[in-house]
């Protein structure tokens with residue numbers, strides 16, 4: 004099936020998003036970003052920000068940060084979901100935002116995006132155009148996945164399963180040790 008045939012099968016809004024992404028080089032920030040994100044004006048309140056997150060129902064890693072933009076979508080800052088949850092509902096987003104967050108440009112290569120994500124420990128990184136207008140976001144998992152060697156990507160599901168099993172076993176051992184320590188303390192009293 005051709006690309007145009009697939010695009011015709013999509014809903015109009017989704018088709019427009021996909022066309023926009025296809026306009027960028029495949030291994031560029033613009034090619035791997037998602038246009039799904041929450042962007043608000045600085046005057047928005049925490050209550051409005053949380054309502055926007057609920058309404059949009061974004062993926063968990065995309066919902067981690069809310070981006071603050073002006074009327075022309077210039078990136079002004081970002082606020083974490085944690086900060087929103089802990090703040091008073093009437094607090095302005097501008098009062099919580101981190102000014103001038105780290106961002107990547109549309110044409111940044113995927114390897115550069117991965118370096119930015121790892122250097123700054125980001126969960127999401129905003130993608131901006133040459134005028135610093137917010138165009139989309141890239142999740143850490145997408146940024147790193149795209150630069151992993153093919154062999155590692157094939158092995159990733161197995162490695163992640165093994166890591167989860169090892170983590171679960173370590174957690175079980177820690178709980179068991181804590182229980183026996185608690186039991187020993189009670190016996191000594």
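In the numbering used here, the protein residues as written are 4 to 192. We treat Cβ as the ideally placed atom computed from N, Cα and C, and that holds for glycine. Given the structure is predicted, the values throughout are model-derived calculations rather than measurements.
Backbone CA spacing between residue i and residue j [nearest angstrom]
i	j	result
residue 15	residue 42	21 Å
residue 104	residue 55	21 Å
residue 62	residue 17	16 Å
residue 72	residue 148	28 Å
residue 125	residue 76	21 Å
First through last residue of the beta strand (DSSP E) which encompasses residue i
i	result
residue 130	127 to 131
residue 71	68 to 72
For residue i, the three-state DSSP class (helix, strand or coil)
i	result
residue 94	coil
residue 58	helix
residue 231	Residue 231 cannot be examined here, being either before or after the span of the chain that is shown, 4 to 192.
residue 124	coil
residue 118	helix
residue 19	helix
First and last residue of the uninterrupted alpha helix (DSSP H) at residue i
i	result
residue 43	Careful: residue 43 lies outside any alpha helix (DSSP H), inside the beta strand (DSSP E) at 41 to 43.
residue 146	143 to 148
residue 85	84 to 89
residue 32	32 to 35
Given residue i as reference, the closest of the options once Cα atoms are compared
i	options	result
residue 85	75, 77, 96 and 79	96
residue 79	92, 106, 118 and 36	106
residue 36	130, 94 and 147	130
residue 101	57, 11 and 87	87
residue 74	128, 141 and 137	137
residue 141	134, 121, 116 and 122	116
residue 93	81, 51 and 82	51
residue 112	19, 11, 12 and 28	28
residue 132	34, 114, 144 and 48	34
residue 109	139, 120 and 49	139
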